[in-house]
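**Student:**
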(Lines of atoms letter the chains of each structure in order from A and count residues from 1; the text may use other names and numbers.)
(Lines give C-alpha, C1' and ligand atoms only; values in the text may rest on other atoms or scores of the structure.)
Protein backbone atom coordinates (compact mmCIF):
# COMPACT_ATOMS: atom_id res chain seq x y z
CA UNK A 1 0.00 0.00 0.00
CA UNK A 2 1.17 3.51 -0.73
CA UNK A 3 1.36 6.39 1.71
CA UNK A 4 -1.98 7.80 0.56
CA UNK A 5 -3.76 4.47 1.04
CA UNK A 6 -2.12 4.01 4.47
CA UNK A 7 -3.23 7.48 5.50
CA UNK A 8 -6.79 6.82 4.32
CA UNK A 9 -6.96 3.48 6.13
CA UNK A 10 -5.67 5.05 9.34
CA UNK A 11 -8.15 7.91 9.04
CA UNK A 12 -11.05 5.53 8.41
CA UNK A 13 -10.06 3.40 11.41
CA UNK A 14 -9.83 6.54 13.60
CA UNK A 15 -13.30 7.61 12.48
CA UNK A 16 -14.75 4.18 13.32
CA UNK A 17 -13.15 4.41 16.76
CA UNK A 18 -14.70 7.85 17.28
CA UNK A 19 -18.14 6.51 16.35
CA UNK A 20 -17.77 3.64 18.82
CA UNK A 21 -16.26 5.82 21.55
CA UNK A 22 -19.18 8.26 21.27
CA UNK A 23 -21.44 5.42 22.41
CA UNK A 24 -19.04 4.41 25.18
CA UNK A 25 -18.89 7.99 26.48
CA UNK A 26 -22.63 8.58 26.51
CA UNK A 27 -24.06 9.50 29.86
CA UNK A 28 -26.24 6.86 31.43
CA UNK A 29 -30.00 7.23 31.22
CA UNK A 30 -31.63 9.07 34.08
CA UNK A 31 -33.48 5.90 35.10
CA UNK A 32 -30.16 4.03 35.45
CA UNK A 33 -28.62 6.87 37.47
CA UNK A 34 -31.74 7.00 39.66
CA UNK A 35 -31.62 3.22 40.12
CA UNK A 36 -28.03 3.19 41.32
CA UNK A 37 -28.50 6.38 43.35
CA UNK A 38 -31.41 4.83 45.21
CA UNK A 39 -29.22 1.86 46.12
CA UNK A 40 -26.07 3.76 47.16
CA UNK A 41 -27.59 7.06 48.28
CA UNK A 42 -25.26 9.45 46.41
CA UNK A 43 -26.17 10.63 42.90
CA UNK A 44 -22.73 12.11 42.11
CA UNK A 45 -20.92 8.90 43.08
CA UNK A 46 -23.48 6.83 41.15
CA UNK A 47 -22.97 8.92 38.01
CA UNK A 48 -19.20 8.70 38.30
CA UNK A 49 -19.19 4.94 38.77
CA UNK A 50 -21.64 4.39 35.93
CA UNK A 51 -19.32 6.45 33.72
CA UNK A 52 -16.33 4.36 34.78
CA UNK A 53 -18.20 1.08 34.34
CA UNK A 54 -19.36 2.06 30.86
CA UNK A 55 -15.79 2.96 29.88
CA UNK A 56 -14.44 -0.29 31.31
CA UNK A 57 -17.13 -2.31 29.53
CA UNK A 58 -16.40 -0.43 26.31
CA UNK A 59 -12.72 -1.31 26.53
CA UNK A 60 -13.47 -4.92 27.43
CA UNK A 61 -15.82 -5.24 24.45
CA UNK A 62 -13.21 -3.71 22.14
CA UNK A 63 -10.54 -6.09 23.45
CA UNK A 64 -12.62 -9.24 23.27
CA UNK A 65 -14.97 -8.73 20.36
CA UNK A 66 -13.21 -6.57 17.77
CA UNK A 67 -12.20 -8.15 14.48
CA UNK A 68 -8.89 -6.27 14.37
CA UNK A 69 -6.36 -6.41 17.20
CA UNK A 70 -5.64 -2.71 16.71
CA UNK A 71 -9.19 -1.70 17.63
CA UNK A 72 -8.75 -2.04 21.39
CA UNK A 73 -5.47 -0.12 21.30
CA UNK A 74 -7.07 2.62 19.20
CA UNK A 75 -10.07 2.87 21.55
CA UNK A 76 -7.80 2.95 24.62
CA UNK A 77 -5.62 5.63 23.01
CA UNK A 78 -8.57 7.91 22.24
CA UNK A 79 -10.12 7.27 25.65
CA UNK A 80 -6.80 8.20 27.29
CA UNK A 81 -7.01 11.66 25.77
CA UNK A 82 -10.54 12.08 27.17
CA UNK A 83 -9.34 10.99 30.63
CA UNK A 84 -6.33 13.33 30.40
CA UNK A 85 -8.62 16.25 29.60
CA UNK A 86 -10.88 15.42 32.55
CA UNK A 87 -7.86 15.04 34.82
CA UNK A 88 -6.70 18.54 33.94
CA UNK A 89 -10.09 19.84 35.14
CA UNK A 90 -10.33 17.53 38.17
CA UNK A 91 -6.92 15.99 39.08
CA UNK A 92 -8.28 13.14 41.21
CA UNK A 93 -10.26 11.62 38.32
CA UNK A 94 -7.24 10.20 36.49
CA UNK A 95 -6.02 8.19 39.45
CA UNK A 96 -9.54 7.11 40.33
CA UNK A 97 -10.18 5.92 36.76
CA UNK A 98 -6.93 3.94 36.81
CA UNK A 99 -7.92 2.31 40.10
CA UNK A 100 -11.40 1.46 38.83
CA UNK A 101 -10.07 0.15 35.48
CA UNK A 102 -7.70 -2.19 37.33
CA UNK A 103 -10.59 -3.43 39.47
CA UNK A 104 -12.76 -4.12 36.41
CA UNK A 105 -10.01 -5.92 34.52
CA UNK A 106 -9.08 -8.00 37.57
CA UNK A 107 -12.71 -9.03 38.06
CA UNK A 108 -13.10 -9.89 34.40
CA UNK A 109 -9.90 -11.94 34.29
CA UNK A 110 -10.89 -14.30 37.13
CA UNK A 111 -11.13 -17.90 35.97
CA UNK A 112 -12.90 -20.76 37.67
CA UNK A 113 -15.31 -18.56 39.61
CA UNK A 114 -18.86 -19.78 40.13
CA UNK A 115 -20.03 -16.23 39.35
CA UNK A 116 -20.48 -15.04 35.80
CA UNK A 117 -18.23 -12.29 34.46
CA UNK A 118 -21.24 -9.92 34.48
CA UNK A 119 -21.83 -10.59 38.17
CA UNK A 120 -18.15 -10.03 39.02
CA UNK A 121 -18.16 -6.77 37.06
CA UNK A 122 -21.37 -5.79 38.85
CA UNK A 123 -19.68 -6.28 42.20
CA UNK A 124 -16.92 -3.89 41.07
CA UNK A 125 -19.53 -1.35 39.97
CA UNK A 126 -21.36 -1.52 43.28
CA UNK A 127 -18.15 -1.44 45.36
CA UNK A 128 -17.00 1.64 43.46
CA UNK A 129 -20.33 3.27 44.19
CA UNK A 130 -19.91 2.58 47.91
CA UNK A 131 -21.60 -0.80 48.35
CA UNK A 132 -18.86 -3.41 48.92
CA UNK A 133 -21.37 -5.94 50.29
CA UNK A 134 -24.36 -5.63 47.94
CA UNK A 135 -27.79 -7.00 48.62
CA UNK A 136 -29.13 -9.66 46.27
CA UNK A 137 -31.48 -7.09 44.71
CA UNK A 138 -28.68 -4.58 44.13
CA UNK A 139 -26.46 -7.26 42.61
CA UNK A 140 -29.28 -8.42 40.34
CA UNK A 141 -29.93 -4.83 39.21
CA UNK A 142 -26.23 -4.18 38.56
CA UNK A 143 -25.78 -7.48 36.71
CA UNK A 144 -28.68 -6.65 34.43
CA UNK A 145 -27.14 -3.21 33.80
CA UNK A 146 -23.74 -4.75 32.97
CA UNK A 147 -25.29 -7.33 30.62
CA UNK A 148 -27.41 -4.74 28.80
CA UNK A 149 -24.55 -2.27 28.52
CA UNK A 150 -22.12 -4.89 27.25
CA UNK A 151 -24.65 -6.14 24.71
CA UNK A 152 -25.40 -2.60 23.53
CA UNK A 153 -21.72 -1.70 23.22
CA UNK A 154 -21.06 -4.93 21.35
CA UNK A 155 -23.77 -3.97 18.87
CA UNK A 156 -22.26 -0.49 18.48
CA UNK A 157 -18.83 -2.04 17.93
CA UNK A 158 -20.22 -4.27 15.18
CA UNK A 159 -22.04 -1.33 13.68
CA UNK A 160 -18.87 0.79 13.60
CA UNK A 161 -16.40 -1.92 12.55
CA UNK A 162 -18.50 -4.60 10.89
CA UNK A 163 -19.33 -8.16 11.83
CA UNK A 164 -17.30 -11.23 11.02
CA UNK A 165 -18.68 -13.23 8.16
CA UNK A 166 -17.58 -16.13 6.02
CA UNK A 167 -18.66 -17.16 2.56
CA UNK A 168 -21.39 -19.81 2.59
CA UNK A 169 -19.00 -22.52 1.40
CA UNK A 170 -16.30 -21.96 4.07
CA UNK A 171 -16.51 -23.69 7.45
CA UNK A 172 -15.01 -21.71 10.40
CA UNK A 173 -12.82 -24.72 11.25
CA UNK A 174 -11.31 -24.54 7.75
CA UNK A 175 -9.68 -21.22 8.67
CA UNK A 176 -7.57 -22.75 11.42
CA UNK A 177 -4.02 -23.25 10.21
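Residue numbers (the numbering used here): 550 to 726. Note that beta-carbon positions come from the ideal geometry of N, C-alpha and C, so glycine has one too.
#1: I want to know whether the segment 666 to 677 touches the segment 694 to 714 - three or more CB-CB distances under 8 angstroms.
#2: Inspect the beta-carbon positions of residue 621 and residue 608 and report whether they are closer than 8 angstroms.
#3: Just the Cα atoms here: how many angstroms apart are residue 580 and residue 598?
#4: If you compare alpha carbons, which of 652, 709 and 643 is closest to residue 666?
#5: So, at 6 angstroms on beta carbons, what are the nonlocal neighbours of residue 642 in its own chain, with the 5 sequence-adjacent residues on each side left out?
#6: Taking 8 angstroms as the cut-off, decide whether the C-beta atoms of residue 678 and residue 616 are in contact.
#7: From residue 680 to residue 687, what does the alpha carbon distance come to, in whole angstroms?
#8: Following the continuous alpha helix (DSSP H) through residue 664, name the residue where it begins and the one where it ends.
#9: Taking Cβ positions, are residue 604 and residue 573 nearer each other than 8 angstroms?
#10: Applying the 10 Å Cβ sphere with the 16-neighbour rule, what's the burial state of residue 684?
**Tutor:** In short, the structure shows the following:
#1: Output reads yes: the segment 694 to 714 touches the segment 666 to 677.
#2: Going by C-beta atoms, residue 621 is nearer than 8 angstroms to residue 608.
#3: CA-CA distance, residue 580 to residue 598, rounds to 15 angstroms.
#4: Residue 652 is the option with its Cα nearest to residue 666.
#5: Within the same chain, residue 642 has close Cβ partners 635 and 636.
#6: With a cutoff of 8 angstroms on beta-carbon distance, residue 678 and residue 616 are scored as not near each other.
#7: Spanning the two alpha carbons is a distance of roughly 9 angstroms.
#8: Careful: residue 664 lies outside any alpha helix (DSSP H) and carries neither H nor E.
#9: Yes, the Cβ-Cβ distance between residue 604 and residue 573 is below 8 angstroms.
#10: In the assembly as shown, residue 684 is an exposed residue. Its beta-carbon has fewer than 16 other beta-carbons within 10 Å.
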